[in-house]
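Visitor: Chains A and B, in that order, are what the protein sequence lines are. If you use full-length UniProt numbering, the first sequence corresponds to residues 1 to 167, in order. If you use full-length UniProt numbering, the second sequence corresponds to residues 1 to 167, in order.
There are 2 protein chains.
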Amino acid sequence: MTTASHGTPRWLSDEEQRVWRAYLHATTLLEDHLDRQLQRDAGMPHIYYGLLVQLSQAPRRRMRMTELARETKITRSRLSHAVARLEKNGWVRREDCASDKRGQNACLTEEGFEVLRRTAPGHVEAVRQAMFDRLSPEQVGQLGEIMRVMAEALQPTDPNADLPWLR
Amino acid sequence: MTTASHGTPRWLSDEEQRVWRAYLHATTLLEDHLDRQLQRDAGMPHIYYGLLVQLSQAPRRRMRMTELARETKITRSRLSHAVARLEKNGWVRREDCASDKRGQNACLTEEGFEVLRRTAPGHVEAVRQAMFDRLSPEQVGQLGEIMRVMAEALQPTDPNADLPWLR
DNA sequence: ACCATCTTGTTCAACTTTCAAGAATGGTCC
DNA sequence: GGACCATTCTTGAAAGTTGAACAAGATGGT
Numbered sequence: 001m002t003t004a005s006h007g008t009p010r011w012l013s014d015e016e017q018r019v020w021r022a023y024l025h026a027t028t029l030l031e032d033h034l035d036r037q038l039q040r041d042a043g044m045p046h047i048y049y050g051l052l053v054q055l056s057q058a059p060r061r062r063m064r065m066t067e068l069a070r071e072t073k074i075t076r077s078r079l080s081h082a083v084a085r086l087e088k089n090g091w092v093r094r095e096d097c098a099s100d101k102r103g104q105n106a107c108l109t110e111e112g113f114e115v116l117r118r119t120a121p122g123h124v125e126a127v128r129q130a131m132f133d134r135l136s137p138e139q140v141g142q143l144g145e146i147m148r149v150m151a152e153a154l155q156p157t158d159p160n161a162d163l164p165w166l167r
Numbered sequence: 001m002t003t004a005s006h007g008t009p010r011w012l013s014d015e016e017q018r019v020w021r022a023y024l025h026a027t028t029l030l031e032d033h034l035d036r037q038l039q040r041d042a043g044m045p046h047i048y049y050g051l052l053v054q055l056s057q058a059p060r061r062r063m064r065m066t067e068l069a070r071e072t073k074i075t076r077s078r079l080s081h082a083v084a085r086l087e088k089n090g091w092v093r094r095e096d097c098a099s100d101k102r103g104q105n106a107c108l109t110e111e112g113f114e115v116l117r118r119t120a121p122g123h124v125e126a127v128r129q130a131m132f133d134r135l136s137p138e139q140v141g142q143l144g145e146i147m148r149v150m151a152e153a154l155q156p157t158d159p160n161a162d163l164p165w166l167r
């Protein structure tokens, strides 16, 4: 990382600067927009909604805290606070893990699932309006590929990922 | 917005879902990465750094609060708090606006500029490594266009934008 | 069994963000 | 000038986030 401080910095070209600014603007606008949409319609910020979605897709609608954190790309600390809040809402429940006494499972409650069922259509619509309704099919494909490349760069793949017996 | 709750919701296709998840993952990973990079190397979060950059590019390195907020896509409230913090660091100074007694100018101090000079290379390098070093020139162009479209959708252009005398 | 070490999840304090409310000034219309 | 509304910016409290420190349990070597 600090290799940057040595030698002549490789500045961004004009084109790259424009793209970078466009990226920052679009992503912050979208994040704000979805945060407000969900706060209004579902009573929670976007990330919390993402936690419920993730749980809803898990077997038995429950997941170990650490795995939920990993899947949603947030820290365990943040997740602890978030689940505490969602628990107060009655949308998630904690449950001791049988096989590991340190562990906790976050379980989506029936109420939590109900909230999802009620608010998912509006949220999908918001995402559509902001993104998929504006982009051509080609652009959607391009965006997907670009985002995959970026995520890969930032989340160094476990070198043993395809050697499960070594994990 | 709430038109979504009526009629059959238009769900995302499998492809669209994949793209949406990739988008969420990549953008949150990048934002976290840059936040940590800047917190470590410059002692402030990414958005605060963006404020300094914006000021550094303004005439006389100062800007009205409201304009700074508009350019950086944050609320005036948030900006007030942010500038207060940057002022404590000695990187920004407030100055009364001559022509409008309600107004304040946020001015980048010499110290603030120095912080930028010192940390910009490392930050640009981080951006490069995460984005521009991985994408082909075509992809960079595609990303720029896609982000422009999205930003436009979210930030309804002022209909009088090109009629300055009506603003 | 023992010890060192890693992992899991929580907690605390410091910091940031949001939302609603409010003080001050500007602009317009009569 | 005065009434009225809009704009600018700040404030305070509640909510959310971060990073470090911590307790408890797992793991592996000896």
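Just so you know, even glycine gets a beta-carbon here, dropped at the ideal spot from N, CA and C.
Flag this pair as touching only if the stretch 147-156 of chain A and the stretch 29-38 of chain B have three or more C-beta atom pairs under 8 Å; answer yes or no.
Guide: The stretch 147-156 of chain A, when compared against the stretch 29-38 of chain B, does touch it at the 8 Å Cβ threshold.
Visitor: Among residues of its own chain, excluding the 5 on either side of T109 of chain B, which ones have a beta-carbon nearer than 8 Å to its beta-carbon?
Guide: G90, W91, V92, R93, listed in sequence order.
Visitor: When the distance is taken between beta carbons, is T72 of chain A closer than 8 Å to Q54 of chain A?
Guide: Yes, Cβ-Cβ distance for Q54 of chain A and T72 of chain A is below 8 Å.
Visitor: I want to verify the contact list: residues of chain B whose CB lies under 7 Å from the CB of E16 of chain A, in sequence order.
Guide: F132, V140, listed in chain order.
Visitor: Beta carbon of P121 of chain B, beta carbon of P9 of chain A: below 8 Å?
Guide: Yes; because the gap between Cβ atoms is below 8 Å, this pair is in contact.
Visitor: Please list, in chain order, the chain B residues whose beta carbon lies closer than 8 Å to that of W11 of chain A.
Guide: Here the neighbours are V124.
Visitor: For M63 of chain B, report the span of its alpha helix (DSSP H) as first-last.
Guide: Where M63 of chain B is concerned, there is no enclosing alpha helix (DSSP H), although the beta strand (DSSP E) it sits in stretches over 62-64.
Visitor: Whose C-alpha, out of B:D96, B:P59, B:R61, B:A106, is nearest the C-alpha of H81 of chain B?
Guide: When only C-alpha atoms are compared, the closest one is B:A106.
Visitor: Classify R78 of chain A: buried if its beta carbon has 16 or more other beta carbons within 10 angstroms, exposed otherwise.
Guide: Per the 10 Å Cβ criterion, exposed.
Visitor: Go through its chain and collect everything with a Cβ distance to S13 of chain A's Cβ below 8 Å, but skip five positions before and after it.
Guide: Within the same chain, S13 of chain A has no close Cβ partners at all.
Visitor: Of all Cβ atoms in chain A, is any one closer than 8 Å to the Cβ of A4 of chain B?
Guide: For A4 of chain B, the predicted structure reports a pLDDT of 47, less than 50, and the residue's modelled location is therefore unreliable. A value from the coordinates is still provided. Taking Cβ atoms only, chain A reaches closer than 8 Å to A4 of chain B, which makes this a yes.
Visitor: In the structure shown, what three-state DSSP assignment does N89 of chain B receive?
Guide: If DSSP states are grouped into helix, strand and coil, N89 of chain B belongs with the helices.
Visitor: With a threshold of 7 Å on Cβ separation, who are the neighbours of A42 of chain A within its own chain once the five nearest residues in sequence on each side are excluded?
Guide: These residues qualify, in order along the chain: Y49, V115, T119.
Visitor: What does DSSP give as the partner residues of D96 of chain B in its beta bridges?
Guide: In DSSP, D96 of chain B forms a bridge with B:Q104.
Visitor: Step through the CB atoms of chain B and report whether any lies within less than 8 Å of the CB of K101 of chain A.
Guide: For K101 of chain A, the answer is no, since every Cβ of chain B falls outside 8 Å of its Cβ.
Visitor: Between A26 of chain B and the rest of its own chain, which residues show a CB-CB distance below 7 Å, the 5 nearest in sequence each way excluded?
Guide: No residues qualify anywhere along the chain.
Visitor: Looking only at C-alpha atoms, which of A:V149, A:F132, A:G7, A:E138 sits nearest to S136 of chain B?
Guide: Of A:V149, A:F132, A:G7, A:E138, the residue nearest in Cα terms is A:V149.
Visitor: If you count every other CB in all the chains shown that lies within 10 Å of the CB of G144 of chain B, and 16 or more means buried, which is it?
Guide: Label assigned to G144 of chain B: buried.
Visitor: Report the three-state DSSP secondary structure of D14 of chain B (helix, strand or coil).
Guide: Three-state result, D14 of chain B: helix.
Visitor: Let me check understanding here. Comparing Cα to Cα, which of B:V124, B:R40, B:E111, B:W20 lies closest to E87 of chain B?
Guide: Answer by Cα proximity: B:E111.
Visitor: Using a Cβ-Cβ cut-off of less than 8 Å, give me the residues of the stretch 46-62 of chain A that come near chain B, in sequence order.
Guide: Against chain B - using a Cβ distance shorter than 8 Å - the residues of the stretch 46-62 of chain A are G50.
Visitor: Residues of chain B with a CB under 7 Å from the CB of A22 of chain A: which are they?
Guide: Result: G144, M147, R148, A151.
Visitor: As a quick exercise: from B:T75, B:E95, B:I74, pick the residue whose alpha carbon is nearest that of R60 of chain B.
Guide: When each option's Cα is compared against that of R60 of chain B, the closest is B:E95.
Visitor: Can you list, in chain order, the residues of its chain with a C-beta nearer than 7 Å to that of Q39 of chain B? Leave out the 5 residues immediately preceding and following it.
Guide: Around Q39 of chain B: P45.
Visitor: Measuring alpha carbon to alpha carbon, tell me which of A:L34, A:R36, A:D133, A:L52 ends up nearest R117 of chain A.
Guide: When only C-alpha atoms are compared, the closest one is A:L52.
Visitor: Taking its Cβ as the centre, do 16 or more other Cβ atoms sit within 10 Å of Q139 of chain B, making it buried, or is it exposed?
Guide: When all chains shown are included, Q139 of chain B counts as buried.
Visitor: Which same chain residues, not among the five before or five after M147 of chain B, have their C-beta less than 6 Å away from its C-beta?
Guide: Cβ neighbours of M147 of chain B beyond the five flanking positions: none.
Visitor: Roughly how many whole angstroms lie between the Cα atoms of R102 of chain A and E16 of chain B?
Guide: Answer to the nearest angstrom: the Cα atoms are 38 Å apart.
Visitor: Taking the C-alpha atoms as reference points, what is the distance between L34 of chain B and R76 of chain B?
Guide: Answer to the nearest angstrom: the Cα atoms are 23 Å apart.
Visitor: Taking only three categories from DSSP, how would you classify M50 of chain B?
Guide: Residue identity check: residue 50 of chain B is Gly in the sequence provided, not Met. It is helical.
Visitor: Taking Cβ-Cβ distances shorter than 9 Å, what residues in chain B pair up with K73 of chain A?
Guide: L24, H25, T28, L29, D32, listed in chain order.
Visitor: Buried or exposed: where does V19 of chain B fall if 16 or more other Cβ atoms within 10 Å of its Cβ makes it buried?
Guide: With 16 or more Cβ atoms within 10 Å of its Cβ, V19 of chain B is classed as buried.
Visitor: Determine, for Q39 of chain B, whether the minimum Cβ-Cβ distance to residues of chain A falls below 8 Å.
Guide: Chain A contact via Cβ: absent.
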